[in-house]
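K.L.:
Below you'll find the structure I mean.
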Amino acid sequence: MSLGERSSLLEAFTSTSEKNFLSQVGEMKKLVEEEIGRRNSSDKQDHNCLTTWQRVTCIRVFQG
8 MSLGERSSLL EAFTSTSEKN FLSQVGEMKK LVEEEIGRRN SSDKQDHNCL
58 TTWQRVTCIR VFQG
């Protein structure tokens, strides 16, 4: 079997619907990774907010 025959056989085996499915999976993976990145960054922001709030509260308690 020549290389050309193998590639055309592979092309026939990988149907259009399979290619669409694989591209959709790739897009979903990208969206999930973006969402994870957003949640991680918002967690860090919340944590910074909390520590700032705690600092302000401590300062008010000790100054009061």
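Using this note's numbering, the first residue of the sequence shown is number 8, and each one after it goes up by one.
The beta carbon of each residue, even a glycine, is placed where N, CA and C say it ideally should be.
Values in this document were obtained by computation on a predicted structure and should not be read as measured data.
(1) How big is the Cα-Cα spacing for E25 and L17?
(2) Between which residues of its own chain and E34 is the CB-CB distance below 8 angstroms, once the five residues before and five after are set aside?
(3) If you reduce the DSSP assignment to three classes, tell me which class S9 lands in.
(4) Rounding to the nearest angstrom, what Cα-Cα distance links L29 and T23 in this structure?
P.N.:
Put simply:
(1) 12 angstroms
(2) none
(3) coil
(4) 10 angstroms
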